[in-house]
Amino acid sequence: MRTSIAARANLDLIEENYRRWQRNPESVDSGWAAFFEGFELGETPEHDGAVTRPVEVRESSLQSRVDGLVYAYRILGHTIARVNPLGETRPENPLLTLRELGFSEKDLDLRVVSKFFFDNRQMTLRDMIGALERIYAGPIG
Numbered sequence: 545m546r547t548s549i550a551a552r553a554n555l556d557l558i559e560e561n562y563r564r565w566q567r568n569p570e571s572v573d574s575g576w577a578a579f580f581e582g583f584e585l586g587e588t589p590e591h592d593g594a595v596t597r598p599v600e601v602r603e604s605s606l607q608s609r610v611d612g613l614v615y616a617y618r619i620l621g622h623t624i625a626r627v628n629p630l631g632e633t634r635p636e637n638p639l640l641t642l643r644e645l646g647f648s649e650k651d652l653d654l655r656v657v658s659k660f661f662f663d664n665r666q667m668t669l670r671d672m673i674g675a676l677e678r679i680y681a682g683p684i685g
């Protein structure tokens with residue numbers, strides 16, 4: 545894709561205004577100043593000379609799956625609860641399987657937390673699922 549002359553002129557204008565703003569924020573229009581302030585707020589902050597560690601994709605994916613697990617049990621847990629004391633088998637819901645929720649047997653001993661469950665307390669995935677089962681899918685009656 546080729547950059548048009550007009551787009552290049554706009555880029556030059558932005559860069560020039562940014563340099564001016566860095567030297568003196570009051571030297572540019574208030575709209576530009578707000579734009580550049582927002583731009584710098586979005587950069588990775590430094591603390592004591594060290595850049596904060598970016599969240600790894602793997603950690604982010606795991607956290608999303610853990611939070612999804614909690615949400616799934618809150619919404620669907622009642623569908624597998626034993627509500628019939630005379631029933632011999634517990635109902636099943638394919639949406640509440642480890643695989644469907646993005647986990648496998650080997651994940652059960654991972655230490656996880658969720659801000660949506662037990663006040664962000666760390667526990668194994670196995671323990672979290674057990675607690676979710678008791679709370680949202682336990683026997684009734």
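According to my numbering, the stretch in the sequence shown is residues 545 to 685, in order.
C-beta: ideal position from N, C-alpha, C; glycine also.
Computed from a predicted structure; not experimentally measured.
1. Opposite serine 574 in the DSSP bridges: which residues?
2. Have a look at alanine 675 and leucine 630 and give me their C-alpha separation to the nearest angstrom.
3. Just to confirm my understanding: we take tryptophan 565, look at its own chain, exclude 5 residues before and 5 after, and list those with CB closer than 8 Å. What are they?
4. Can you tell me which of Glu632, Leu669, Lys659 and Arg609 puts its alpha carbon nearest to the alpha carbon of lysine 650?
5. Alpha carbon to alpha carbon, how far is alanine 625 from leucine 640? Give it in angstroms, no decimals.
6. Just to check my reading of the structure: valine 562 and histidine 622 have Cβ atoms closer than 8 Å, yes? What is that Cβ distance to the nearest angstrom?
7. Put valine 766 into one of helix, strand or coil per three-state DSSP.
8. Taking the beta carbon of phenylalanine 647 as the centre, do at least 16 other beta carbons fall within 10 Å, making it buried, or is it exposed?
9. Assign serine 605 to buried or exposed, taking buried as 16 or more other Cβ atoms, counted over all protein chains shown, within 10 Å of its Cβ.
According to the data block:
1. DSSP output for serine 574 lists no bridge partner at all.
2. 24 Å
3. Ser571, Val572, Trp576, Ala577 and Phe580
4. Ranking Glu632, Leu669, Lys659 and Arg609 by Cα distance to lysine 650 puts Leu669 first.
5. 12 Å
6. Inspection of the sequence shows that residue 562 is occupied by tyrosine rather than by valine. The pair is not a contact, with the Cβ atoms about 55 Å apart (cut-off 8 Å).
7. A question about residue 766 goes unanswered here, because the residues of the chain that appear run from 545 up to 685.
8. buried
9. exposed
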